[in-house]
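Read the structure below first, then the notes.
In our numbering, the protein residues as written are 1241 to 1465.
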């Protein structure tokens, strides 16, 4: 890994981590789109998104805010990263939705929902970057998954309950398959991502977010998705 200039507070990860290197790769944009598709397979999680935002109007804003959050928690100094995470936790704490299957009212910060979002993102970042040619052997891949338990803590999860290896991540996905489904909300997301209205002026990576890149993101989804 390339050496980075030292600084008094390198943040939550630092230049010696896999996270520091991987999150700087341009393919992270494609990975973020893949994560949106994957996350849409969990009806309860997706209902929380749909109930609290206009996905069609704000999908790009959501993706860009996520990218900024990831950049901040990866590269900013520790106090800045912790403040960004505290803001996100505070927002999630106030939001709720109604389960589409049971009618139950729930908070979007339920640990099970946060874990799904976390694992979908980590899996997407890791899988997409490896397929794009990022030099990452199995040992480094496990290191990345373990490092991301820090990110899990930031959103309110207990790191001890979060996958720490690629094998544990795969086991997690096998354990939640029965909870996944393609419902009406997921079809809205799928339709949007297949025909994205690209905001050329507001999106700095618009050239990378066209049909070809979205096809790459979709084509990299796991067979069970």
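Ideal placement from N, C-alpha and C gives every residue a C-beta, glycine not left out. Given the structure is predicted, the values throughout are model-derived calculations rather than measurements.
With a Cβ-Cβ cutoff of 8 Å, do residue i and residue j count as a contact?
i: residue 1368; j: residue 1304; result: no
i: residue 1285; j: residue 1362; result: no
i: residue 1404; j: residue 1389; result: yes
i: residue 1430; j: residue 1280; result: yes
i: residue 1288; j: residue 1353; result: yes
Any idea if residue i is buried or exposed, counting beta-carbon neighbours within 10 angstroms, 16 or more meaning buried?
i: residue 1259; result: buried
i: residue 1400; result: exposed
i: residue 1261; result: buried
i: residue 1387; result: buried
i: residue 1427; result: exposed
i: residue 1318; result: exposed
i: residue 1337; result: buried
i: residue 1440; result: Its pLDDT being 48, under 50, residue 1440 is placed unreliably by the model, and nothing is read from it.
Going by C-alpha distance, which of the options is nearest residue i?
i: residue 1292; options: 1255, 1322, 1347, 1273; result: 1347
i: residue 1267; options: 1336, 1276, 1350, 1371; result: 1371
i: residue 1360; options: 1339, 1380, 1385; result: 1385
i: residue 1425; options: 1282, 1257, 1265, 1264; result: 1282
Give the range of the beta strand (DSSP E) segment to which residue i is assigned.
i: residue 1346; result: 1345–1347
i: residue 1338; result: 1336–1338
In terms of residues, what are the limits of the alpha helix (DSSP H) holding residue i?
i: residue 1283; result: 1283–1292
i: residue 1271; result: 1268–1279
Segments assigned alpha helix (DSSP H), at least 4 residues, entirely inside the stretch 1327–1406 = Those alpha helix (DSSP H) runs which fall completely within the stretch 1327–1406 and span 4+ residues are 1351–1371, 1378–1387, 1389–1395.
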